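Counting along the sequence shown from 1, when you hit position 54 you're at 54 in UniProt numbering, and nothing is skipped either side. The beta-carbon is built from N, C-alpha and C at its ideal position, and this holds for glycine as well. Just so we're clear, the structure is a prediction, and the values are computed from it rather than from any experiment. What follows is a set of notes on a single structure, which appears directly below.
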Amino acid sequence: MPEHSKARQPPMLLVEPETMLRRTVALTARSLGLADIHEAASAALARQILRQQSFCGAIIAVNSGEAIDLGLLDQIREGDSASQRNMPIAVLAENCTGELLAALRERAVTRVIVKPFRARILLDAFGALVPPA
Numbered sequence: 001m002p003e004h005s006k007a008r009q010p011p012m013l014l015v016e017p018e019t020m021l022r023r024t025v026a027l028t029a030r031s032l033g034l035a036d037i038h039e040a041a042s043a044a045l046a047r048q049i050l051r052q053q054s055f056c057g058a059i060i061a062v063n064s065g066e067a068i069d070l071g072l073l074d075q076i077r078e079g080d081s082a083s084q085r086n087m088p089i090a091v092l093a094e095n096c097t098g099e100l101l102a103a104l105r106e107r108a109v110t111r112v113i114v115k116p117f118r119a120r121i122l123l124d125a126f127g128a129l130v131p132p133a
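This is the structure we're talking about:
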């Protein structure tokens, strides 16, 4: 891919603890020219990245088992990141209760992707987060 094409890809953040899924989706999205994907395997790493770099959108895993962590969403929506507080965000969830869905709506989440899912679903979500040219 030519360097000038790569420069036009919008920067997106993918926060997903499962290495194989994260790497597969990131590499595929990059090769298709959907976005310049920055990866974070943990919420702690994502917090650092969010403070240092601006993103056009993010896909963030919010739960593992019973534990739910909406801290990254709150960090972005409260303006504690280099990105705009209203940037589009999709979430990955192992399950989505009505209570979680209500909390995500309060945080203006654009899309909820329930695990397990096909990698194509995640690629489509990145495509939907890309701002119009």
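(Q) Looking at residue 138: is its Cβ nearer than 8 Å to the Cβ of ARG77? (A) The question about residue 138 has no answer here: the residues shown for the chain are numbered 1 through 133.
Q) How is LEU100 classed by DSSP in three states: helix, strand or coil? A) Secondary structure at LEU100: helix, using DSSP grouped into helix, strand and coil.
Q) With a Cβ-Cβ cutoff of 8 Å, do ILE113 and ALA128 count as a contact? A) Not closer than 8 Å, so no.
Q: Compute the distance between the beta-carbons of LEU72 and VAL15, then report whether it is under 8 Å.
A: Yes, Cβ-Cβ distance for LEU72 and VAL15 is below 8 Å.
(Q) So, at 7 Å on beta carbons, what are the nonlocal neighbours of ILE37 in its own chain, with the 5 sequence-adjacent residues on each side left out? (A) MET12, LEU14, ALA26, ALA29, ARG30
Q.
On the DSSP bridge list, what partners appear for ASN63?
A. ILE68
Q: Alpha carbon to alpha carbon, how far is THR97 from ALA82? Give it in angstroms, no decimals.
A: 30 Å
**Q.** Proximity winner among ASN86, ARG22, ALA41, relative to ARG105 (alpha-carbon distances)
**A.** ASN86
Q) Looking only at its own chain, which residues have a Cβ that is under 8 Å from the Cβ of ILE59, when we skip the five neighbours before and after it? A) If we look at ILE59 and ignore the five residues flanking it on each side, its Cβ neighbours are MET12, LEU13, LEU14, VAL15, GLU16, ILE89, ALA90, VAL91, LEU92, ILE113, LEU122, ALA125, PHE126, LEU129.
Q) Which parts of the region 13 to 57 are runs of the beta strand (DSSP E), unbroken and 3 residues or longer, counting only runs that do not cross its ends? A) 36 to 40
Q: Confirm, please, whether the CB-CB distance from GLN75 to ARG47 is below 8 Å.
A: yes
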